[in-house]
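There are 2 protein chains.
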Amino acid sequence: MKFSPLLGELISALTCLPGVGNKSAQRMAFHLLERNRDGAMKLGTVLHNAMEHIQHCQQCRTFTEDEVCEICRSPKRQEAGVLCIVESPQDVLAIEQTLSFGGTYFVLMGHLSPIDGIGPADIGLTELETRLKQEPVSEVILATNPTVEGEATAHYIAQMCNSLDITASRIAHGVPVGGELEYIDGSTLTHAFSGRRKL
Amino acid sequence: MKFSPLLGELISALTCLPGVGNKSAQRMAFHLLERNRDGAMKLGTVLHNAMEHIQHCQQCRTFTEDEVCEICRSPKRQEAGVLCIVESPQDVLAIEQTLSFGGTYFVLMGHLSPIDGIGPADIGLTELETRLKQEPVSEVILATNPTVEGEATAHYIAQMCNSLDITASRIAHGVPVGGELEYIDGSTLTHAFSGRRKL
Ligand SMILES: [Zn+2]
Ligand SMILES: [Zn+2]
């Protein structure tokens, strides 16, 4: 005998969560049963609702339960004429939290990766090209990650922008504010030097 | 704008899990939406089922969806005439995994704690006394935790057993197998010395 069948099912279902192995799943199951049945019921309901109704925004591809997300619906943001390209909805969130960007987004939901068979169509670049042709975008800010794939993706989109006569810019990479030089990796330091500005 | 309302609800609902703060909940929500919607739907269903149907065994108080759990239903285990008292269902599991105990259990779902207002009735000691009077139990093994409260609880139950003429024993506490003496705390070492056996 290990667990009752239903308790076993609960523990195994909890391991679908990232970073949750069998041991933590056990701890979670017992915690919910002993102390938070209401919270667990509520989580069950919200999981169903969210998985059924949260889809991709038809314009920027971020997650939303609306056809077009709140940011894309905002006239003020559309008027800004600046489109920021990111790899994931989490990146949108991180940028929004800085309150320093007032344009709209396009979420690739990944990056180009020929090795994994991920080409331009898989990250929505066909839709992006259509948008760039139709909308009055004056600048595209490329905020993909500073990885090999992120850089390659940024380059690909920059070329697309060039052929459409739209300014493309890349966010700066360098020493993080508050970061200590001696602990920064070499590649970041190289970026920091080559991206230096006159004072 | 932070998240779409439903995504915000999902993230907040996930924080009902122990050890999951806002940041991990975000990570979990995005992971499920991007990569495992089926798993999330399944988890939602199992959470509902488990919270609705898993209750306490009417005999031993462990978690089960049956009226009486599998262990309590086993004639072989009843015949053993040995009742092991533990604080939680997780303790039952830990003991079962050793395959070294063939009797039945009684799960207190806690321990005596006068400071928190937890008295004998709150940890099922009334039911336990009834069981001890009705069933042919020849020995009660006290496997509560080696904490102040666990020891007090064990003592309380031992006195109950004495008055009913039933042998009560306490599991041994000492140096864990494979443990190195120099790293063992003093209280455990004291237990290990006072519990020494002749060779
Ligand atoms: Zn959108
Ligand atoms: Zn039982």
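Protein chains in written order, with the working numbering: chain A, 635 to 833; chain B, 635 to 833.
The C-beta atom is built at its ideal place from N, Cα and C for all residues, glycine as well.
Since we're looking at a predicted model, the values are computed, not measured.
Spatial neighbours of residue i within its chain, please: CB distance less than 6 angstroms, with the 5 preceding and 5 following residues excluded, ordered by chain position.
| i | result |
| --- | --- |
| B:Ala674 | Leu666 |
| A:Met662 | Leu648 |
| A:Leu833 | none |
| A:Leu762 | Phe740 |
Go ahead and pull the three-state DSSP assignment for residue i.
| i | result |
| --- | --- |
| B:Met635 | Here the model assigns B:Met635 a pLDDT of 47, short of 50, so the residue's position is not dependable, and the following value carries that caveat. The answer is coil: DSSP assigns B:Met635 none of H, G, I, E or B. |
| A:Ala792 | helix |
| A:Val782 | helix |
| B:Thr649 | coil |
| A:Val741 | strand |
| A:Glu773 | strand |
| B:Ala802 | strand |
| B:Gln660 | helix |
| B:Val716 | strand |
| B:Thr697 | Rather than Thr, the amino acid found at residue 697 of chain B in this sequence is Phe. Strand. |
| B:His807 | coil |
| A:Gln692 | coil |
| B:Ile752 | strand |
| B:Ser821 | helix |
| B:Ser828 | helix |
| A:Ser797 | helix |
| B:Leu833 | coil |
Please state whether the Cβ-Cβ distance between residue i and residue j is less than 8 angstroms.
| i | j | result |
| --- | --- | --- |
| B:Ile757 | B:Gly737 | no |
| B:Ser803 | B:Glu773 | yes |
| A:Ala792 | A:Leu746 | no |
| A:His808 | A:Ala826 | The question names His, but residue 808 of chain A in the sequence shown is Gly. Cβ distance < 8 angstroms, so A:Gly808 and A:Ala826 count as in contact. |
| A:Lys767 | A:Leu717 | no |
| B:Glu699 | A:Leu640 | yes |
| B:Val771 | B:Gly715 | yes |
| B:Leu733 | A:Cys650 | no |
| A:Phe735 | B:Ser638 | no |
Skipping 5 residues on each side, what residues in its chain have a beta carbon closer than 8 angstroms to that of residue i?
| i | result |
| --- | --- |
| A:Val720 | Val726, Ile729, Tyr739, Phe740, Val741, Leu742, Ala777 and Thr778 |
| A:Ile805 | Ile775, Leu776 and Ala777 |
| A:Cys795 | Leu766, Val774, Thr801 and Ala802 |
| B:Gly753 | Leu746 |
| A:Thr781 | His745 |
| B:Gly784 | Glu721, His745 and Thr778 |
Give every residue of the same chain whose Cβ lies closer than 7 angstroms to the Cβ of residue i, excluding the five residues on either side of it in the sequence, and list them in chain order.
| i | result |
| --- | --- |
| A:Gln693 | Val702 and Cys706 |
| B:Gln660 | Ile645 |
- Query: Counting by C-beta, which residues lie closer than 6 angstroms to a heavy atom of ligand 2, in chain order?
  - Reply: B:Cys691, B:Gln693, B:Cys694, B:Thr696, B:Val702, B:Cys703, B:Ile705 and B:Cys706
- Task: Indicate whether the contact test is met: 3 or more Cβ pairs, each with one atom in the region 638–648 of chain A and one in the region 679–692 of chain B, closer than 8 angstroms.
- Result: yes
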